[in-house]
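Q: The structure under discussion is supplied below as structure tokens; questions concerning it will follow.
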Ligand SMILES: Cc1ncc(C[n+]2csc(CCOP(=O)(O)OP(=O)(O)O)c2C)c(N)n1
Ligand SMILES: [Mg+2]
């Protein structure tokens, strides 16, 4: 599906083997539901954005849903997630409350970051979800740190750190790869290659031999590339990376080909200038991960068309209700403006009071 140079096209069928062999019909339907929840949630948020009910930026994940749902579906209790600003999909996939996510977009006190983070800064440590980061590739050394902590504590877990195809050119990512290899840390860098960074295509911005993940070779890190429109393939290749992290405490770079339908953010003034409407239509028609998964399940006789319609209708109701909740929710109390910014300040530590974090007198 990608326009980039590629090795021989993959023809493998991942539906019945390995980690996918044990999937029950209910699991497969749950994946459909999770992808629909992300899409309908974002469509609702787009409506509110266009109505002026939301401040700041809104980066939609629509088109990329199989990446978050496929990867996160494999997480165990000691596996963690960190991502960039296009973060709603991963948040809903790890099980963050939809009402709290919608309220966050509208800056309400019941939002998942108490209305102070907005779209780019979702956070839920209780779900092993560490944000939501606006600095391109800023999450990559943080993800490394999470993996370091897991190894240090002797946990059999990993950190899945998601980044875009544009983020791979940042120095901090390369510094992270170096340390990940050197210290053998259980971090999985999942490059969500949606082919564009803002208005710049991958071809115009990234040097490579065959694909972006292959750069991992220079660090002696194992890598692979997956087709992000195929949930089975995403899961199969992610499981390989997770198993390596769990069993051998080693890093991995997994590039997943995908596509976003909307502009970089909803406020992208150049949205129609750097790619054609035909290209977007082609992806919607032939490569949409939800449409393809639904068809797969119908073909497997896991679900009927009618039941899939009913599921979608129920999800639409759920997202509409989340919208109503968020609209009715209270704005944060202005007096709480300095709370939840620094843990040290909230907890009255000496560092919080003196501003000295690392250096004594
Ligand atoms: C260090 C830094 N440089 C520039 C920006 C501005 N910026 C925000 S998103 C973005 C593009 C990133 O593209 P990609 O990594 O492919 O992620 P995608 O938006 O496609 O998910 C840029 C340049 C930023 N936020 N941080
Ligand atoms: Mg991109």
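In this note's numbering, the protein residues as written are 7 to 367.
Beta carbons: idealized from backbone N, C-alpha and C, even for Gly.
These numbers come from a predicted model, not from an experiment.
1. Who are the near neighbours of residue 152 in its chain, counting only those whose CB is closer than 6 Å to its CB and skipping five residues on each side?
2. Tell me which residue opens and which closes the alpha helix (DSSP H) that residue 292 is part of.
3. If you measure from each residue's Cβ to the nearest non-hydrogen atom of ligand 1, which ones come out under 5 Å, in chain order?
4. Can you find a C-beta in chain E that's less than 8 Å from the C-beta of residue 347?
5. I'd like to check one pair, residue 38 with residue 303: are the Cβ atoms closer than 8 Å?
6. Give every residue of the same chain whose Cβ lies closer than 6 Å to the Cβ of residue 247, excluding the five residues on either side of it in the sequence, and list them in chain order.
7. Between which two residues does the beta strand (DSSP E) containing residue 245 stretch?
8. Going along the chain, which unbroken runs of the alpha helix (DSSP H) with 4 or more residues stay wholly within the stretch 89-135?
9. CA-CA distance, residue 270 and residue 224?
10. So, for residue 49: in the same chain, excluding its five sequence neighbours on each side, which residues have a beta-carbon less than 8 Å away from its beta-carbon?
11. Let me check understanding here. Comparing Cα to Cα, which of 124, 45, 142, 204 lies closest to residue 277?
12. Alpha carbon to alpha carbon, how far is residue 337 from residue 281?
13. Which residue from 110, 317, 170, 159 puts its Cα closest to that of residue 143?
14. What number of angstroms, rounded off, separates the C-alpha of residue 13 from the C-alpha of residue 232?
15. Which residue marks the beginning of the alpha helix (DSSP H) containing residue 189, and which one marks its end?
16. Taking Cβ positions, are residue 145 and residue 90 nearer each other than 8 Å?
17. Checking 8 Å against the spacing of the C-beta atoms, do residue 230 and residue 219 come in under that value?
18. Would the beta-carbon of residue 265 fall within 8 Å of that of residue 292?
19. So, helix, strand or coil for residue 47, using DSSP?
20. Mind listing, in chain order, the continuous alpha helix (DSSP H) runs of no fewer than 4 residues lying wholly within the stretch 280-349?
21. What is the rounded straight-line gap between the Cα of residue 348 and the Cα of residue 20?
22. Taking residue 44 as the reference, which of 78, 120, 95, 83 has the closest Cα?
23. Which whole-angstrom value is the C-beta distance of residue 308 and residue 131, which I expect to be below 8 Å?
24. If you run the structure through DSSP and keep just helix, strand and coil, what is residue 180?
25. Go ahead and pull the three-state DSSP assignment for residue 154.
26. State the start and end residues of the unbroken alpha helix (DSSP H) segment that holds residue 357.
27. What do you get for residue 71, buried or exposed, if any count of 16 or more other CB atoms within 10 angstroms of its CB means buried?
28. For residue 170, which of helix, strand or coil comes out of DSSP?
29. Give the straight-line distance between the Cα atoms of residue 286 and residue 268, rounded to the nearest whole angstrom.
30. Could you tell me which of 329, 359, 216 sits nearest to residue 114, measuring between CA atoms?
31. Which of the three DSSP states is assigned to residue 79 in this structure?
32. Between which two residues does the beta strand (DSSP E) carrying residue 261 extend?
A: Quick look at the numbers:
1. 86, 165
2. 283-292
3. 92, 141, 142, 170, 171, 172, 173, 200, 203, 204
4. Note that chain E does not occur in the displayed structure, where there is just one protein chain.
5. yes
6. 194, 258, 260
7. Looking at the DSSP string, residue 245 is not in any beta strand (DSSP E); the run it does join, the alpha helix (DSSP H), is 237-254.
8. 94-99, 104-111
9. 30 Å
10. 68, 325
11. 204
12. 39 Å
13. 170
14. Bear in mind that the predicted position of residue 13 carries a pLDDT of just 44, short of 50, making it unreliable; the figure below should be weighed with that in mind. Near 12 Å, if we compare the C-alpha coordinates of residue 232 and residue 13.
15. Premise fails: residue 189 is in no alpha helix (DSSP H) and is neither H nor E.
16. yes
17. yes
18. no
19. helix
20. 283-292, 295-305, 311-334
21. 45 Å
22. 95
23. About 34 Å; that fails the 8 Å criterion.
24. helix
25. helix
26. 356-360
27. buried
28. strand
29. 9 Å
30. 329
31. coil
32. 258-263
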